[in-house]
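Residue numbers for the sequence shown follow this note's numbering, beginning at 4 and rising by one.
Where a beta carbon is used, it is the ideal one built from N, C-alpha and C, also for glycine.
A quick note: this is a predicted structure, and the numbers were derived from the prediction, not measured.
As structure tokens, the structure follows; a few thoughts come after it.
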Amino acid sequence: MNNESFFYHLSKLKSLRINGIKDLPHLPDGFKRLTSLENLRIDKCSKLQSLSPGLHHLTSLKKLRIHGCSELEMPNDDGSDAIMWQHLQSLSVLRLAGLPKLVALPQGLQQLTTLQEIKFYGCENLEALLENISNLKSLKRLDIWDCPKLKSLPEGIDCLTSLETLEIGSCPILLERCREDKGDYWPKISHIRQLELEPIKEEKSIFPKTCGLFNSAKIFQALKRRRLTLILEWVGERGGS
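This is how it looks when you write it as structure tokens:
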């Protein structure tokens, strides 16, 4: 994939998924050929450390999903990485999941006024989001799940009149600050129409003991996150039938 000739005839490509490539330390410069790319998904590339130099060429990119890249870092200083993100002026969806080396987000994201949806899942060492998101006037949805070290929400979140949905789950430090009528963030988020704040807790089981193969607490959480549709059909025993 690092051979630029690989990309030579891909200028019309709209969607690309990179899955499980073990020897990909960075996105290659050959990405400059992908001028029409709108959807990029990167899964389980265990050696990927940087999105440079390839990412900043993707000026048509609308959706970026990155999952399970254990070595990926995203510097949040004002260097070349920040400038790289500023080139993505068409980006509307950003989803990051399973990135243990992600500590903070690149500040260049603050300039992406086209962003409509941002989701973070399972970034166990994420400590900070963007400093200020007041420029993200198009943002409609922000989901943050399983980021136990995250301590704060970005400044300007109370200014986003377009923000319709905020979900925060399994982020104990942050959730404490978002508690209704008690947390210091509550006045800044209480106006959001769809607000879901989920602590880690054991839910009372609604399943019979015969369903021992299932972890009812996990099923309950999945249902609440709308990731799972579960249909239970209970057929009672009838005598003689």
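- Counting C-beta atoms within 10 angstroms of its own C-beta, I176 has fewer than 16 neighbours from the protein chains shown and is therefore classed as exposed.
- When DSSP states are grouped into helix, strand and coil, P190 belongs to the helix group.
- Between S93 and K65, the CB-CB gap stays under 9 Å.
- Residue burial is scored here from C-beta neighbours: F123 has at least 16 other C-beta atoms within 10 angstroms and is therefore classed as buried.
- Bounds of any alpha helix (DSSP H) do not take in I21; it lies within the beta strand (DSSP E) bounded by 18 to 22.
- Here K35 carries a helix assignment [DSSP, helix/strand/coil].
- For P56, the enclosing beta strand (DSSP E) has its first and last residue at 53 to 56.
- Under the criterion of beta carbons closer than 8 Å, I136 and P109 do not qualify as touching, at roughly 13 Å.
- With fewer than 16 other CB atoms across the displayed protein chains lying within 10 angstroms of its CB, R20 is exposed.
- L178: member of the alpha helix (DSSP H) spanning 175 to 180, first to last residue.
- Residue nearest to G33 within the set E41, P56, L43 is P56 (criterion: CA-CA distance).
- Just measuring C-alpha positions, the residue of L97, H12, H90 sitting nearest R44 is L97.
- DSSP places I195 outside both helix and strand once states are collapsed to three, so it counts as coil.
- Counting only the Cα atoms, L99 lies some 21 Å from K140.
- In this structure, T38 is the residue among L54, S18, T38 with its C-alpha nearest to the C-alpha of Y11.
- In this structure, N138 keeps its C-beta atom at 9 Å or more from the C-beta atom of A107.
- The beta carbon of I86 is closer than 8 Å to those of H59, G111 in its chain, skipping five residues each way along the sequence.
- Excluding sequence positions up to five before and after H29, its CB lies within less than 8 Å of the CB of L51, Q52, S53, L54, S55, P56, G57, all in the same chain and listed in chain order.
- In this structure, L145 places its C-beta atom within 9 Å of the C-beta atom of I121.
- By the Cβ-count criterion, P190 is exposed, with fewer than 16 other Cβ atoms from all chains shown falling within 10 Å of its own Cβ.
- Looking from the CA of P103, the closest CA among S95, M77, Q197 belongs to M77.
- For N42, the enclosing beta strand (DSSP E) begins and ends at 42 to 46.
- When DSSP states are grouped into helix, strand and coil, D161 belongs to the helix group.
- Around the beta-carbon of Q197, fewer than 16 other beta-carbon atoms lie within 10 Å, marking it exposed.
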